[in-house]
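The opening position of the sequence shown corresponds to residue 375 in this note's numbering, with each subsequent residue numbered one higher.
Report on the following structure.
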Amino acid sequence: MIDFNIIGNYFMSVKNKIRVNSEILNIFNIYYNNYNLSSVLY
Numbered sequence: 375m376i377d378f379n380i381i382g383n384y385f386m387s388v389k390n391k392i393r394v395n396s397e398i399l400n401i402f403n404i405y406y407n408n409y410n411l412s413s414v415l416y
């Protein structure tokens, strides 16, 4: 017998991790783009 609650909780946790990772990547992209802009100015 498969416990669907465990499977549902697992997929929810994976989805939350993916969302957090994409937010961190967005922050890194913003910093990287700002760094490129400032390096062009100097």
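No residue lacks a Cβ here, since even glycine has one placed at the ideal position from N, Cα and C.
Secondary structure of Ile380, DSSP reduced to three states: Residue state, collapsed to three classes: helix.
C-alpha distance - Asn417 paired with Lys389, whole-angstrom precision: Within the shown structure, residues of the chain are numbered from 375 to 416, placing residue 417 beyond reach of any answer.
When DSSP labels each residue in this structure, what does Met386 get in the three-state scheme? Helix at Met386.
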